[in-house]
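Worksheet: one structure, shown below.
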Amino acid sequence: MTYTITVAGVTRELKLRPLGEDKMLAAFVIFGDVELTCACAAELLKKAPEFDYMVAPEAKAIPLIHEMARQSGRNEYFLVRKAKKLYMDGYIEVEDRSITTEGKQMLYMDGADAEKMKGKRILILDDVVSTGGSIAAVENLVNKAGGNIVGRMAILAEGDAAKRDDIIYLEPLPLFDKDGKKIN
Numbered sequence: 716m717t718y719t720i721t722v723a724g725v726t727r728e729l730k731l732r733p734l735g736e737d738k739m740l741a742a743f744v745i746f747g748d749v750e751l752t753c754a755c756a757a758e759l760l761k762k763a764p765e766f767d768y769m770v771a772p773e774a775k776a777i778p779l780i781h782e783m784a785r786q787s788g789r790n791e792y793f794l795v796r797k798a799k800k801l802y803m804d805g806y807i808e809v810e811d812r813s814i815t816t817e818g819k820q821m822l823y824m825d826g827a828d829a830e831k832m833k834g835k836r837i838l839i840l841d842d843v844v845s846t847g848g849s850i851a852a853v854e855n856l857v858n859k860a861g862g863n864i865v866g867r868m869a870i871l872a873e874g875d876a877a878k879r880d881d882i883i884y885l886e887p888l889p890l891f892d893k894d895g896k897k898i899n
């Protein structure tokens, strides 16, 4: 089963995947899709508030944040990692619960990145917002670093996330029942 979506003028067929026993989600993955990534980055930049830096959780938002940085002429952006890295200059950590990751996970911000964010206007990005858990975890890290969050953006708002007024997104993405019928 698939779901057809058009976002930023680009149409894609998304495979429906189980989410528990009675729901399914449409798998939206921008990895390897240059046309879609570039189009979404351009449309999000048109809606973006003024910012100094962008930050995103790894991994599926990496192509998006990179392309938004390239199109906006920025030479630097920050990633929140799922594991501590040896090259990190200290770190800040928080717990994250995501709809697409089983169980809890920790997210880490490099201490040097955190220092650069202090007092700056920060734009948080993700590919899809579902429960908002990942965005909230990144927001928590930015707040710990002393950054000023000016916006939260995603390509898609899945399920009830489309009802939120604190996320700027391009298109809603419904959830589906086990038979592939839209729930919302």
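In this note's numbering, the protein residues as written are 716 to 899. Here a beta-carbon is modelled for each residue, glycine too, at the ideal position from N, C-alpha and C.
Where does Val857 fall in DSSP's three states?
-> helix
Quick one: residues in its chain with C-beta nearer than 6 Å to the C-beta of Lys738, no 5 flanking neighbours on either side, listed in chain order?
-> Leu890
If we count the other Cβ atoms within 10 Å of its Cβ and call it buried at 16 or more, is Asp880 buried or exposed?
-> exposed
If you compare alpha carbons, which of Ile807, Met803, Ala763 and Ala798 is closest to Gln786?
-> Ala763
How many Å lie between Met824 and Thr752 at the Cα?
-> 24 Å
So the alpha helix (DSSP H) Pro778 belongs to, where does it begin and stop?
-> Ile777 to Ser787
Quick one: is Ile686 buried, meaning 16 or more other Cβ sit within 10 Å of its Cβ, or exposed?
-> An answer regarding residue 686 cannot be provided, because it is not within the stretch 716 to 899 covered by the chain.
Using the C-alpha atoms, what's the distance from Ala723 back to Ala798?
-> Approximately 32 Å, taken between the alpha carbons.
May I ask you to report which of helix, strand or coil DSSP gives Ala774?
-> coil
For Gly848, does the three-state DSSP call read helix, strand or coil?
-> In the structure shown, Gly848 adopts helical secondary structure according to DSSP, grouped into three states.
What whole-angstrom Cβ distance do Glu873 and Ser845 have, given they're in contact under 8 Å?
-> 4 Å
Between the C-alpha atoms of Ile882 and Gly847, what's the straight-line distance to the nearest angstrom?
-> 9 Å
Taking the continuous alpha helix (DSSP H) assigned at Glu750, which residues delimit it?
-> Val749 to Lys762
Buried or exposed by the 16-neighbour rule on C-beta atoms within 10 Å, applied to Ile807 = So Ile807 counts as buried.
How many angstroms separate the CA atom of Val725 from the CA atom of Ala754?
-> 7 Å
Can you give me the Cβ contacts of Pro733 inside the same chain, cut-off strictly under 7 Å, excluding the 5 residues immediately before and after it?
-> Met739
Thinking just about the alpha-carbon of each residue, which of Met716, Gln820, Phe793 and Lys730 is nearest to the one in Tyr768?
-> Taking only the C-alpha atoms, the option nearest Tyr768 is Phe793.
According to DSSP, is Lys730 helix, strand or coil?
-> Taken through DSSP and simplified to helix, strand or coil, Lys730 comes out as strand.
If you compare alpha carbons, which of Ala829, Met821 and Thr719 is closest to Gly861?
-> Ala829
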